[in-house]
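Chemist:
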Amino acid sequence: MTALIPGERIASMIASIVPGAVAAQDRGAAWIRAETWPAVARGLRDGEETDFKFLSAVTGVDYIDHYEVVYHLTSFRLNHRAVVKVRCGEGREEPAVPSCVPVWRGADLQEREVYDLMGIRFDGHPNLKRVMLWEGFPGHPHRKDFLR
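Residues in the sequence shown are numbered from 84 upward in steps of one, following our numbering.
1) If I follow the unbroken alpha helix (DSSP H) through Val123, where does it start and stop?
2) If you draw a straight line from the alpha carbon of Ala106 to that of Ala124, how long is it in whole angstroms?
3) Under a three-way DSSP split, which group does Arg249 fall into?
4) Can you give me the C-alpha to C-alpha distance between Leu211 and Ala140, rounded to a whole angstrom?
5) In terms of residue numbering, what span does the alpha helix (DSSP H) encompassing Arg213 cover?
6) Leaving out five residues on either side along the sequence, give the residues of the same chain with a beta carbon under 7 angstroms from the beta carbon of Arg208.
7) How far does the alpha helix (DSSP H) with Arg195 in it extend, from its first residue to its last?
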């Protein structure tokens with residue numbers, strides 16, 4: 084079984100890659116400042132003690148007052164995994180985070196799905212357009228306020 088790196092440990096690893104990048108942590112995850120995400124992602128992928136070559140999931144989460152993007156990372160060589168979260172600015176207007184497609188090509192479709200269903204923009208994405216719904220569809224159906 085692949086071991087989950089505790090939030091405190093992954094936060095420490097991230098702080099050594101990009102000082103000041105960690106906004107918060109808990110038992111199972113670390114929250115990263117959005118503007119540092121591209122450098123953190125590269126460091127997590129290329130670091131000798133992290134080696135997260137595989138991005139297994141990109142998920143958007145709708146909280147009452149903000150949005151987050153959750154990244155599930157795996158290192159097959161080191162047999163460990165981690166959860167990293169990025170808060171999408173403040174409030175609910177125009178949520179956005181930097182794209183990680185330049186780091187993990189497999190994020191392409193996952194970021195497009197989150198954009199399509201949640202409306203979270205991924206800045207720098209090479210082809211950010213709807214993937215499940217048609218262009219012109221009104222709104223984003225996985226948002227809590229979709230039908231209001």
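For each residue, glycine too, the CB sits at the ideal point set by N, CA and C.
Modeler: The answer reads as follows:
1) DSSP places Val123 inside the alpha helix (DSSP H), whose first and last residues are Trp120 to Asp129.
2) If you take the alpha carbons of Ala106 and Ala124, they lie about 15 angstroms apart.
3) Only positions 84 to 231 of the chain appear in the structure, and residue 249 is not among them; the question remains open.
4) Going from the Cα of Leu211 to the Cα of Ala140 covers about 17 angstroms.
5) Where Arg213 is concerned, there is no enclosing alpha helix (DSSP H), given that its DSSP letter is neither H nor E.
6) At residue 208 the sequence reads His, which differs from the Arg that was named. Excluding residues within five positions, the ones whose Cβ falls inside 7 angstroms are Ser182, Val184 and Glu194.
7) First-last of the alpha helix (DSSP H) with Arg195: Ala190 to Met201.
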